[in-house]
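In the numbering used here, the protein residues as written are 39 to 1207.
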């Protein structure tokens, strides 16, 4: 076993320019007397005592060699034997240049590095103090000589240029008393009040306004008795719940009723109403509608405020429609000021129960209670919905505070329009379809089987569910009703878990659309689907021509127009409102976006699949999923209400009545199933919300403690929070940037390392609304598009950066033809590009305020304003990929190869022991063909590392399989230098992110003395890197103070904000860049050699297979000789990897609807790192 030497890489004994010879250097270093250091500084590695002079083996190493470049100072440490088979981690203590001759930490004895089973979980035991979790098996990872050389050189440069040896920790940020919320207190100006009353009276006498009032008064809420009841209820209570059916006019009329009443009561100037909407499109469109009804211009008495678009009206007598997030920001920043500046706060569509709505209700209840207890004025709160059970909200607001303060709460139920909507459940639908005899073959195949989109299984399951529920209900007597309810609920949950795994089949929905088009009178058809994939399938079936024999030609634009509504189709969503020829019927395929945000007056028929897909987040595994699930009763009511807006309508529910009765009353609160990191950071940014968990636990349906703890840990790993949970200056700046904290830190690291532009592009990109469209593309086309952008980088971020830059340059040049070509050939979405530019505008304002970039100019975007000093390495994608490991793609996975776990299966080890990772079908790192994927899996070396952003649960397939999204292949140096956390353990093992254990192995060309300390060197390199970066973050306290942007001529050369000094910053940045470039060059050469080896191996196997085939042909009869020739390729690959073939069939087939991508290069093999 190699004997490790003891050293302190935080101090210098020799260097590149040392005036001493090797012998003189040895003599001087060996005479150092270890001294007690009672005030430790720097970093000291406590190694094991050696029986010989630790430097004696360095005498023969030339002065320009690897060891001579290091700066070494050794220490004596006592070896303490322990009975533990799994010793504690070796500690890194803080000490100074003088060695420490006494340590209090326990150090376990070394074990043989060459043993292969030393980390076998079965061979390890734990103490009572440790968790009852066995250690993960380590991966042997080779660290090339160039990594160790550059590591030692980087640390030498850091020391010689004055980087501190003291530990640099981020401290809590001081509280900031300045509120970013602009407050205009309510006041009543008598003169203005009289003018507003006169203007309203004059306006009502005009003919145009009389006609508008006549139309408005047809709405149920505008009935005189209803208006009076609403106003009295608001005056008499603190909180009012308004239940108004779809079409009653609650969103547009309630704010106007309140404002007009106050104006006529001479209280107009002190009436400031804010009405929230869950979606931006609704806030803007409703504001424009109300301004039109009032015959007023925007920003006078009516306006809207959404992110990056503020059209707020006058604060004296007005209505502001805003997104829920805008109101949430105001309440978090300064709840008392927000309440003082509003007379009425209306929360619309409260049944949606998203994360922002739940938190707004919690903050409102807390703030109003406090103001009522202090006998201060507070706004009236109105909650509105068409479908909620008001009991939940009434009980929540009625609950008294700890001091006994209680709010007065009441409810108003308003009937909707008189138009009747007839509901058809599944049995009746099937009866209608079969009227007139046997079904036509084109329909029967979609319902009874014979087509790959047949809904036969769904229909059978629904009928069984209906029969079972009916039997359970009839067999239960009245005296055991409680047991009956429990049984029914259990049955529903059991059925959900069985039925909602795989993707839906759209055959039934298509059949109903065809039936309505053939047999029902004119009227538009609105069909609700879970997602875009299902809409695409329906469109293909309808336009395939298979129903022409039934007299229905959906390709005839004079008779039918097909539209698809989706949140990613904002460029084309408005087309549904365009006029169609007389006699032409619209068929509108939509997701739940049409439940509340869009009103389609000509819809008469609504077809509801009853399914939806909502994003779920698991805080324990950080996994996200998008499963199919049954909708809630509130969603069913909302969808049903879309029919019959003008006349009687029909609601076709593609499920049984028993299923409808078993649906949950409301949607699951998003607060229970979302990543809370952004929300927690936002709350921490203000001193009144330091106890975030208690605040979140006050919501109607609070999240689990694990969810909150997971968010806090994530923020701590980013440096946004201290170990005690206080916000740091870094965290405060991340909050100000207005993007996810991980994206914000990526921006700051990009500025520090001179690659700000690509990090800004990543921060502006929304994976939920990708720049390259995935709605219209087949899997093959999507692979081809992404393969065009830097395939050799093996990163899912490369195509985002390059596609944006290409389109942005065309836009700056005003080349409309090129932009259209890019949209047509590379499927770049113009709407997504505009959204990214809107996000960059908000970032520009903040970055200019803190002095990173010049202030915005009309002729420049953020990307043209970047100082050269912050963008010198913008083309270095290796550096970008490494920085993303520390921020966005912070999760790590290691290739474990074929395992015996549940049979021989390939996969990636993740931080969750029982989960097997698979490369995302959306990513560029997946193979093009099944043959390519099998070859990669066979030859990808054990321990290959990948960084990814999140786990995505599959639609079906094994529960222990997850897809690793937004991934990049990374080298060990990248992972070690930029991972979230790093710990040094015994036997040359480094633990990354508290789970991934890498056994560091140096190649033969590294001297034994250095090879034995390779893990120590890398650990100290990481500590040096952390001190460097944290020193830069210490300047953020100054940056967090808002200041006036400078307008000097030299603004374009603004240096990166840092207290390190420009020279030290430049030296260390260049050293890190050089280190990563050398690392990339080594592995690039290694992969080239590996590809040659793989090609030779495959050729040998092919020859061996051919020889075996020839030998087998001799003994086989004549009739079977030709068969192996036809199937030769398949037999060859089966011999190479039969288990991977089985995995492809069983695992990857479960990804239907999870669109795939190819690897960048079919011949490029993933190399061992």
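Glycine residues also receive a C-beta, built at the ideal position from the N, C-alpha and C atoms.
**Q.** Nearest-angstrom Cα separation, counted from residue 426 out to residue 416
**A.** Sequence index remark: in the chain shown, residue 416 carries index 378 (1-based). Sequence index remark: in the chain shown, residue 426 carries index 388 (1-based). Taking the straight line joining both Cα atoms gives about 25 Å.
Q: Reducing DSSP to helix, strand and coil, say where residue 962 ends up.
A: Counting from one through the chain shown, the residue named residue 962 turns up at place 924. Residue state, collapsed to three classes: coil.
Q: Please report the residue range of the beta strand (DSSP E) in which residue 632 lies.
A: Locating residue 632 in the chain shown gives position 594, where the first residue counts as 1. Unbroken run through residue 632: none, as it is neither H nor E.
Q) Anyone know if the C-beta pair for residue 834 and residue 962 falls short of 7 Å? A) Looking up residue 834 in the chain shown gives position 796. Looking up residue 962 in the chain shown gives position 924. For residue 834 and residue 962, yes; Cβs fall inside 7 Å.
Q | residue 361 vs residue 321 beta-carbon contact at 7 Å | A | For the purposes of this step, residue 361 is taken as the residue at position 323 of the chain shown. For the purposes of this step, residue 321 is taken as the residue at position 283 of the chain shown. Yes, the Cβ-Cβ distance between residue 361 and residue 321 is below 7 Å.
**Q.** Span separating the alpha-carbon of residue 881 from that of residue 917
**A.** Here residue 881 refers to the residue found at position 843 when the chain shown is read from its first residue. Here residue 917 refers to the residue found at position 879 when the chain shown is read from its first residue. If you take the alpha carbons of residue 881 and residue 917, they lie about 22 Å apart.
(Q) Could you check whether the region 192-207 touches the region 1059-1078, counting it as contact only if at least three pairs of C-beta atoms, one from each stretch, sit closer than 8 Å? (A) yes
**Q.** Endpoints, beta strand (DSSP E) assigned at residue 688
**A.** Counted from its first residue, the chain shown places residue 688 at position 650. Counting along the chain, the beta strand (DSSP E) containing residue 688 begins and ends at 687-691.
Q: Enumerate in chain order the residues of its own chain whose CB-to-CB distance from residue 554 is below 7 Å, with the five nearest sequence positions on each side excluded.
A: Residue 554 sits at position 516 when you count from the first residue of the chain shown. Once the five neighbours on either side are set aside, the close Cβ partners of residue 554 are 563 and 643.
Q. Could you give the distance in angstroms between the alpha-carbon of residue 713 and the alpha-carbon of residue 1043?
A. What you label residue 713 is simply residue 675 of the chain shown in a count that begins at 1. What you label residue 1043 is simply residue 1005 of the chain shown in a count that begins at 1. The alpha-carbon atoms of residue 713 and residue 1043 are separated by roughly 47 Å.
Q.
For the region 378-398 against the region 362-370, do three or more pairs of beta-carbon atoms, one drawn from each stretch, fall closer than 8 Å, so that the two count as touching?
A. yes
Q) Considering only the beta carbon of each residue, do residue 641 and residue 681 sit closer than 7 Å? A) Here residue 641 refers to the residue found at position 603 when the chain shown is read from its first residue. Here residue 681 refers to the residue found at position 643 when the chain shown is read from its first residue. Contact: yes.
Q | C-alpha distance - residue 878 paired with residue 1029, whole-angstrom precision | A | Residue mapping note: residue 878 aligns to position 840 of the chain shown, counting from 1. Residue mapping note: residue 1029 aligns to position 991 of the chain shown, counting from 1. Each residue's alpha carbon lies about 37 Å from the other.
Q: Could you give the DSSP three-state label for residue 459: helix, strand or coil?
A: Numbered from 1 along the chain shown, position 421 holds the residue referred to as residue 459. Here residue 459 sits in strand by DSSP.
Q) Bridge partners of residue 315, per DSSP? A) As a first step, residue 315 must be located in the chain shown, where it is residue number 277. Paired residue(s): 361.
Q. If you draw a straight line from the C-alpha of residue 599 to the C-alpha of residue 749, how long is it?
A. Taking the chain shown and counting its residues from 1, the one referred to as residue 599 is at position 561. Taking the chain shown and counting its residues from 1, the one referred to as residue 749 is at position 711. Cα-Cα distance, rounded: 46 Å.
Q. Just how far apart, CA to CA, sit residue 1151 and residue 970?
A. As a position in the chain shown, residue 1151 is number 1113, starting the count at 1. As a position in the chain shown, residue 970 is number 932, starting the count at 1. For residue 1151 and residue 970, the distance between alpha carbons rounds to 29 Å.
Q. Would you call the CB atoms of residue 258 and residue 565 closer than 7 Å?
A. Here residue 258 refers to the residue found at position 220 when the chain shown is read from its first residue. Here residue 565 refers to the residue found at position 527 when the chain shown is read from its first residue. In this structure, residue 565 does not lie closer than 7 Å to residue 258 by Cβ.
Q) Among 336, 312 and 318, which one has its Cα closest to the Cα of residue 382? A) Here residue 382 corresponds to residue number 344 of the chain shown, with the count starting at 1. Minimum Cα distance to residue 382 is reached at 312.
Q: Label residue 73 either buried or exposed according to how many other C-beta atoms from any shown protein chain fall within 10 Å of its C-beta, with 16 as the threshold for buried.
A: Within the chain shown, the letter at position 35 stands for residue 73. Because residue 73 sits at a pLDDT of 34, beneath the cut-off of 50, its placement in the model cannot be relied upon, and the point is left open.
Q) Would you call the region 659-678 and the region 435-448 in contact, with 3 or more CB pairs under 8 Å? A) no
**Q.** Status (buried if at least 16 other CB within 10 Å, exposed otherwise) for residue 972
**A.** Within the chain shown, residue 972 is the residue found at index 934, counting from 1. Residue 972 should be labelled buried.
Q. CB-CB under 7 Å to residue 1208, same chain, minus the five flanking residues each way: which ones, in chain order?
A. Outside the displayed range of the chain (39 to 1207) lies residue 1208, so it cannot be described from this structure.
Q) By DSSP, does residue 434 sit in helix, in strand, or in coil? A) In the chain shown, residue 434 corresponds to position 396, counting from 1. Reduced to three states, the DSSP call for residue 434 is helix.
Q) So, using beta-carbon positions, are residue 428 and residue 279 closer together than 7 Å? A) Locating residue 428 in the chain shown gives position 390, where the first residue counts as 1. Locating residue 279 in the chain shown gives position 241, where the first residue counts as 1. Yes, Cβ-Cβ distance for residue 428 and residue 279 is below 7 Å.
Q) Quick check: the region 738-749 against the region 779-786, are there 3 or more CB pairs under 8 Å? A) no
Q: Report buried or exposed for residue 35, applying the criterion of at least 16 other Cβ atoms within 10 angstroms of its Cβ.
A: There is no way to answer for residue 35, as the model of the chain reaches only from 39 to 1207.
Q) Beta-carbon separation of residue 627 and residue 573 under 7 Å? A) Counted from its first residue, the chain shown places residue 627 at position 589. Counted from its first residue, the chain shown places residue 573 at position 535. Going by C-beta atoms, residue 627 is nearer than 7 Å to residue 573.
Q) Can you name the residues that DSSP bridges to residue 210? A) Translated into positions along the chain shown, residue 210 becomes position 172. Answer is 766, bridged to residue 210.
Q. Is the Cβ-Cβ distance between residue 784 and residue 926 less than 7 Å?
A. Translated into the one-based positions of the chain shown, residue 784 becomes position 746. Translated into the one-based positions of the chain shown, residue 926 becomes position 888. Contact: yes.
Q. Curious, which full-length beta strand (DSSP E) runs of at least 3 residues does the region 554-621 contain?
A. 562-566 and 598-603
**Q.** the region 948-960 touching the region 997-1012, judged by at least three CB pairs closer than 8 Å
**A.** yes
Q) Is residue 1031 near residue 1100, with beta carbons less than 7 Å apart? A) Along the chain shown, read from residue 1 onward, the residue named residue 1031 stands at position 993. Along the chain shown, read from residue 1 onward, the residue named residue 1100 stands at position 1062. Going by C-beta atoms, residue 1031 is not nearer than 7 Å to residue 1100.
**Q.** Beta-carbon contacts of residue 1012 that lie in its chain and below 6 Å, excluding the five residues immediately before and after
**A.** Looking up residue 1012 in the chain shown gives position 974. Excluding positions up to five away in sequence, the list reads 920 and 923.
Q | Close beta carbons around residue 645, own chain, < 8 Å, minus the five adjacent residues each side | A | Start at 1 with the first residue of the chain shown, and residue 645 comes out as number 607. So the qualifying residues of the chain are 547, 550, 551, 554, 563, 564, 565, 566, 690 and 692.
Q: Check the C-beta distance from residue 753 over to residue 718 and give it rounded, since I have them as a contact under 8 Å.
A: On the chain shown, position 715 is the one that residue 753 refers to. On the chain shown, position 680 is the one that residue 718 refers to. Their Cβ separation, rounded to whole angstroms, is 6 Å, which keeps residue 753 and residue 718 in contact under 8 Å.
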